[in-house]
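The opening residue of the sequence shown carries number 49 in this note's numbering; numbering runs sequentially from there. Ideal placement from N, C-alpha and C gives every residue a C-beta, glycine not left out.
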Amino acid sequence: MATACHAAIPFRQMIPLHEAQEVVLAGCKPLTPVQVAYSDMTGRVLAQDVVATEDVPPFSNTAVDGYAVRAADSEQSPVELQVVDTLAAGAEPKIAVNAGEAIRIMTGAPMPSGADAVVMVEDTQRVGETHVLISRSAKVHDGVRDAGSDVRAGETVFVPGTVLNAAGVGVLASVNARTVRAFPRARVALLSTGDELVVDGSPLRIGQIRESNLTMLDSMIAATGCEVINLGVVRDDEAELERVFREVTERCDAIVTSGGVSMGDFDVVKAVLSKIATMQWMQMAIKPAKPFAFGQLQSSDGRTIPIFGLPGNPVSSLISYELLARPALRKMMGHTENLMRPAIHAVLDSPLKRKQDGKIHFMRVFGEFAEDGRLHVRDSGPQGSHQLASTAMANGLAQVPDGNGLQVGEHVPVYLLG
Ligand code: AMP
Ligand code: MG
49 MATACHAAIP FRQMIPLHEA QEVVLAGCKP LTPVQVAYSD MTGRVLAQDV
99 VATEDVPPFS NTAVDGYAVR AADSEQSPVE LQVVDTLAAG AEPKIAVNAG
149 EAIRIMTGAP MPSGADAVVM VEDTQRVGET HVLISRSAKV HDGVRDAGSD
199 VRAGETVFVP GTVLNAAGVG VLASVNARTV RAFPRARVAL LSTGDELVVD
249 GSPLRIGQIR ESNLTMLDSM IAATGCEVIN LGVVRDDEAE LERVFREVTE
299 RCDAIVTSGG VSMGDFDVVK AVLSKIATMQ WMQMAIKPAK PFAFGQLQSS
349 DGRTIPIFGL PGNPVSSLIS YELLARPALR KMMGHTENLM RPAIHAVLDS
399 PLKRKQDGKI HFMRVFGEFA EDGRLHVRDS GPQGSHQLAS TAMANGLAQV
449 PDGNGLQVGE HVPVYLLG
């Protein structure tokens, strides 16, 4: 059974979102870079220059399937040449192309000596076993890819801070950078609190609800590029929570909690963290997700572990993860750009109703790019902080300024989610 916590915790006035974001970002430092296998680099940030040690491609080769020729021979096309060899990709040329000769050659095979152009097979016709008719003249270098034409040996292909996409990982492979120094994935411990939460699918008693945040946040944290240490639901018990926090601090880089950070009497996360961590309990001028906690725990080996205390209401949890935890985790993993998702100025296809209350409202919207090239959005359903179903139908968060809402045709900044 939870004990009521009446610890006197000083609450500040509501603060603007950007102030909370500044506090959180200032409290999260990039992790120490490590050696990473190139194959685990997708989406990760480099902490070193990558300099090619080899030419890519390593040798001059053919860009097409066809016939390697001397361009001068094809000038008077159509012309018949003698086929003296066949080269597959991976084969080593053994004989040269002399005047009046051609070599059948497949894409990627090294250019044989003597040849200076490749006529694509579509512009040729085989004549018996031994000859080929070249029906279109080739210029010197046609169909040829030079050694080093993608990357030159000695060239710097990537600088520190580069975020590697799928093509980037391909480049690491192509220049034989087997391991690189890069920012690690943050190991993020995740836990949910609340004695009312049922996780195991058993029938609900009065007062109980089904836990919905753990898997949702787990997938959001993983999508941020982190490793998740999912601790499940921890009971509203101070001693148990303290034990869990202390234990996981030793083996994680950050902690995300759901629930127990607002003004309730049984907000035990607040009671425990106030005791063992340096915390800031915030009330942000946004709706939903007004309560938010940020703090730091020290591990026994001297590391500072940031804690993101998200409110338990599912939509609030999602939105404060998105606006505060995600940018900070990205910073820890070496990102310097697009910590927040870029906001796109969208056109409203439905009104977004709200009341004036001194807060920015983040409203769930569904958006599509229309023929006018603009993002058009409409609200995705009811906007209460417990109404996750309408959030599941949304692909964006519209940032609606304080006031009486926006009308059809008005513009609104929208953060497109994933
Ligand atoms: P709290 O932030 O703990 O005060 O919880 C606020 C509201 O969110 C309460 O109605 C809780 O029952 C609900 N809630 C808290 N955690 C979860 C969760 N993990 N899944 C679903 N609802 C939750
Ligand atoms: Mg609770």
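- Listed by position along the chain, the residues with Cβ atoms less than 6 Å from a non-hydrogen atom of ligand 2 are Thr241, Gly242, Gly307, Gly308 and Gly360.
- Of the candidates Met327, Arg412, Asn213 and Ser267, Met327 places its Cα closest to the Cα of Ala68.
- Looking at the DSSP output, Phe356 sits in a beta bridge with Val304 and Phe342.
- Within the chosen limit of 7 Å, ligand 1 does not reach the beta carbon of Glu286 with any heavy atom.
- If only complete runs of 4 or more residues are kept, the stretch 401-461 shows the alpha helix (DSSP H) at 436-440, in order along the chain.
- Around the beta carbon of Asn361, 16 or more other beta carbons lie within 10 angstroms, which makes this residue buried.
- Rounded to whole angstroms, the gap between the alpha carbons of Phe107 and His179 is 27 Å.
- DSSP, reduced to helix, strand and coil, places Glu102 outside both helices and strands of the structure shown, so it counts as coil.
- Excluding its 5 nearest sequence neighbours in each direction, Gln124 has C-beta neighbours in its own chain below 8 Å: Ser185, listed in chain order.
- Residue range Arg235 to Thr241 is occupied by the beta strand (DSSP E) that includes Arg235.
- Distance from the CA atom of Arg235 to the CA atom of Ala74, rounded to whole angstroms, is 19 Å.
- Taking each of Gly249, Asp450 and Cys274 in turn and checking the Cα distance to Leu79, the smallest one comes out for Cys274.
- The C-beta separation of Arg118 from Asp164 comes to about 6 Å, placing the pair in contact by the 8 Å criterion.
- Relative to ligand 1, the beta carbon of Gly357 is positioned no closer than 7 Å to any heavy atom.
- Counting along the chain, no alpha helix (DSSP H) covers Leu387, and no H or E run does either.
- Taking the CA atoms as reference points, Ile277 sits about 20 Å from Thr90.
- Taking all protein chains in view, the Cβ of Pro64 is surrounded by fewer than 16 other Cβ atoms within 10 Å, so the residue is classified as exposed.
- DSSP places Phe231 outside both helix and strand once states are collapsed to three, so it counts as coil.
- Contact between the stretch 429-441 and the stretch 380-395 is absent, with fewer than three C-beta pairs closer than 8 Å.
- Thr204 sits in a strand when the DSSP states are folded into three classes.
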